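Q: Chains as they are written, first to last, in our numbering: chain A, 76 to 331; chain B, 21 to 292.
Quick one: the structure is below, questions incoming.
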């Protein structure tokens, strides 16, 4: 018998293990029947090790993550600045409303042709599209967060005679940090999705492109390896963001 | 009266009242929340404002501190018309839980007032320690507001206001949300601070005993006065000697007389 503790740690992995095992059996049988569209997970692990050893895995991962992170940084910083302004000033919110509502629904992938014309292939076009895609959700969440800042705190800042700049940096920004993390985690997910999409559709770089190449060269094992790896990377980023959020919350005096 | 020197507190000993409320009226959307009210507050005076809820006492305090603009009339500080809030006027809000920055420690919350006033970082620790000492919070300097009781949180807010070294302290039912024992403790602490530092206080409360116990003067407001009548309905002096204490002062014949006078006025003058 395993100890209750080991059982507790093991339990979440049972379902994925069963799924992977079933898929292994299914893919092997399909291959035996002459299909080369599917590869069993064991073959994908082999292909993954190969890509890790020859370095292509790390290079493509660094490209995609680096571009997504830079794009998110640009998009989120612009959204943060504008969101705070729109949240604090009702006049600015009214002035920007139509522009925002007209631009926001544009699917970010629809900008690929424009970005290709403007920037060509490479980091810049992908970065621009990621920045565009992450800008809108972060903007709306930041604006909503600023509107929810405790009005009493804004009054306190008036009574104490804080300048507008001090009010933004010492009251508003710290007050929206918990909601900012929600916006940021959403932004991270959007950035990764959009970066990989742009690579699959147009940009000959990164993890999305590597997966496309594997598919086009009839290497389903490598393709599956990339697919699994992208999932693992996304999961790891989410875990890291949660840890960061918790550590910041602790330092800001939440939940003692 | 309104010489340029009078604008520089500390340089010009101004003989007139520190605060002048001159026919101040407040209207919100056509409804008159405060009918034209006038009174003065002298340096070192402790003035309490009482009245049933809805009589405009908080509104009057906010107008007096510049947080709300008067619809009519004028607020003067040292004889100079006041436009907007000033660092010379500190405001203690009733809801200490919302008025403190939850992400800053006790020390950090007090520091905010000094940062706003442009006090150099090198001078802040000494001034923070000084005001925390006055309200007995030195051992809790590193704690966050959620770790403190309500009474201690309100002390933090008072310390933050003291750090401003204000000429005038506005207090909006500061002890209204506290339990009776904590309230009495803080009343005595405030009376001591006022005596030691020579503070000038305008204090809003719905508790008549608190008003008489703390005040040199009590102003009673009435809700919805007859048209053309001021909100200010009574102004009484409190000739009870200081220092006062919870037991003997509250049995002082003058205390009982004033309480009866105010109580019957509030009872018969207004209904909620």
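For each residue, glycine too, the CB sits at the ideal point set by N, CA and C.
Quick caveat: nothing in here was measured; it's all calculated off a predicted structure.
Please identify, using Cβ separations under 9 Å, the residues of the stretch 229–243 of chain A that lie next to chain B, in order along the chain.
A: Per Cβ criterion, the list reads 230, 231, 232, 233, 234, 235, 236, 237, 238, 241.
Q: Could you list the residues in the stretch 72–88 of chain B with a C-beta less than 8 Å from some C-beta on chain A, going in chain order?
A: Of all residues in the stretch 72–88 of chain B, 85, 87 have a Cβ within less than 8 Å of some Cβ in chain A.
Q: Does the Cβ-Cβ distance between residue 142 of chain A and residue 306 of chain A come in under 8 Å?
A: Taking 8 Å as the Cβ cut-off, residue 142 of chain A and residue 306 of chain A do not qualify as a contacting pair.
Q: Please list the partners that residue 151 of chain B has in chain A, where partner means a Cβ-to-Cβ separation under 7 Å.
A: Chain A residues near residue 151 of chain B: none, gap ~14 Å exceeds 7 Å.
Q: Report the residue ranges of all alpha helix (DSSP H) runs contained in full by the stretch 145–201 of chain B; include only those spanning at least 4 residues, in chain order.
A: Counting whole runs of 4 or more residues, the stretch 145–201 of chain B contains the alpha helix (DSSP H) stretches 170–183.
Q: Does the beta-carbon distance from residue 187 of chain A to residue 271 of chain A come in below 8 Å?
A: Their beta carbons are not under 8 Å apart, which means residue 187 of chain A does not touch residue 271 of chain A by this criterion.
Q: Could you tell me which chain B residues have their CB closer than 7 Å to the CB of residue 227 of chain A, listed as they occur along the chain?
A: Going along chain B in sequence order, the residues near residue 227 of chain A (Cβ under 7 Å) are 113, 115, 118, 119.
Q: Determine, using beta carbons only, whether residue 130 of chain A comes closer than 8 Å to chain B.
A: False, the Cβ-Cβ gap to chain B never drops below 8 Å.
Q: Apart from the five residues on each side of it in sequence, which residues of its chain come closer than 8 Å, Cβ to Cβ, to residue 278 of chain A?
A: Closer than 8 Å at the Cβ level, and outside the excluded window around residue 278 of chain A, lie 196, 197, 200, 201, 284.
Q: Use the C-beta contact count for residue 261 of chain B: other C-beta atoms within 10 angstroms, 16 or more gives buried, fewer gives exposed.
A: Residue 261 of chain B is exposed by the Cβ-count criterion.
Q: Could you compute how far the alpha carbon of residue 89 of chain A sits from the alpha carbon of residue 313 of chain A?
A: Going from the Cα of residue 89 of chain A to the Cα of residue 313 of chain A covers about 21 Å.
Q: For residue 182 of chain A, name the three-state secondary structure that DSSP assigns.
A: Reduced to three states, the DSSP call for residue 182 of chain A is coil.
Q: If you draw a straight line from the alpha carbon of residue 97 of chain A to that of residue 276 of chain A, how long is it in whole angstroms?
A: Spanning the two alpha carbons is a distance of roughly 31 Å.
Q: Mark residue 245 of chain A as exposed unless 16 or more other C-beta atoms lie within 10 angstroms of its C-beta, in which case mark it buried.
A: Its Cβ being crowded by 16 or more others within 10 Å, residue 245 of chain A is buried.
Q: Specify the secondary structure class of residue 294 of chain A as computed by DSSP and reduced to three states.
A: Coil, per DSSP.
Q: If the cut-off is 9 Å on Cβ atoms, which residues from the stretch 234–249 of chain B count as contacting chain A, listed in chain order?
A: Flagged: no residues at all.
Q: From residue 165 of chain B to residue 175 of chain B, what distance separates their C-alpha atoms?
A: Whole-angstrom Cα-Cα distance: 11 Å.
Q: Verify the CB distance criterion: does residue 27 of chain B have a CB-CB separation below 8 Å to chain A?
A: Per-residue confidence for residue 27 of chain B stands at a pLDDT of 47, beneath the threshold of 50, marking its modelled position as unreliable; no derived number is given.
Q: Please name the residue or residues paired with residue 40 of chain B in a DSSP beta bridge.
A: DSSP, once it has assigned bridges, lists B/60, B/96 as partnering residue 40 of chain B.
Q: Would you mind telling me which residues of chain A sit closer than 8 Å to residue 107 of chain B, beta carbon to beta carbon, in chain order?
A: Ordered by position in chain A, the residues that pass the 8 Å Cβ test against residue 107 of chain B are 235, 236.
Q: Kindly list, in the order they appear in chain B, the residues whose Cβ is closer than 8 Å to that of residue 212 of chain A.
A: Neighbours of residue 212 of chain A on chain B: none; closest Cβ ~24 Å, over 8 Å.
Q: Tell me whether the beta-carbon of residue 112 of chain B lies closer than 8 Å to the beta-carbon of residue 207 of chain B.
A: Going by C-beta atoms, residue 112 of chain B is not nearer than 8 Å to residue 207 of chain B.
Q: When the cut-off is 8 Å and only beta carbons count, does residue 87 of chain A lie next to chain B?
A: Not one chain B Cβ lies under 8 Å of residue 87 of chain A.
Q: Where do the ends of the alpha helix (DSSP H) carrying residue 144 of chain A lie?
A: Looking at the DSSP string, the run of the alpha helix (DSSP H) that includes residue 144 of chain A is 131–163.
Q: What's the gap between the Cα of residue 117 of chain A and the Cα of residue 99 of chain A?
A: So the alpha carbons of these two residues sit roughly 7 Å apart.
Q: Thinking residue 220 of chain B and residue 88 of chain B are a contact (beta carbons under 8 Å), I'd like their distance in whole angstroms, please.
A: That belief does not hold up - the Cβ atoms of residue 220 of chain B and residue 88 of chain B are roughly 20 Å apart, past 8 Å.
Q: For residue 179 of chain B versus residue 214 of chain B, is the C-beta spacing smaller than 8 Å?
A: Not closer than 8 Å, so no.
Q: If residue 75 of chain B and residue 242 of chain B are in contact, beta carbons under 8 Å, what's the gap, nearest whole angstrom?
A: Rounded, the Cβ-Cβ distance is 6 Å, consistent with contact.
Q: Which whole runs of the alpha helix (DSSP H) in the stretch 193–251 of chain A are 4 residues long or more, in chain order?
A: Those alpha helix (DSSP H) runs which fall completely within the stretch 193–251 of chain A and span 4+ residues are 198–222, 226–235.
Q: Identify, in the order they occur along the chain, each residue of the same chain with its Cβ nearer than 8 Å to the Cβ of residue 144 of chain A, setting aside the five sequence neighbours on each side.
A: Taken in chain order, the residues that qualify are 266.
Q: Is the Cβ of residue 249 of chain A closer than 8 Å to any Cβ of chain B?
A: With 8 Å as the cut-off, residue 249 of chain A counts as an interface residue toward chain B.
Q: Along chain A, in chain order, which residues have C-beta atoms closer than 7 Å to that of residue 194 of chain B?
A: Result: empty, since nearest Cβ-Cβ is about 14 Å, beyond 7 Å.
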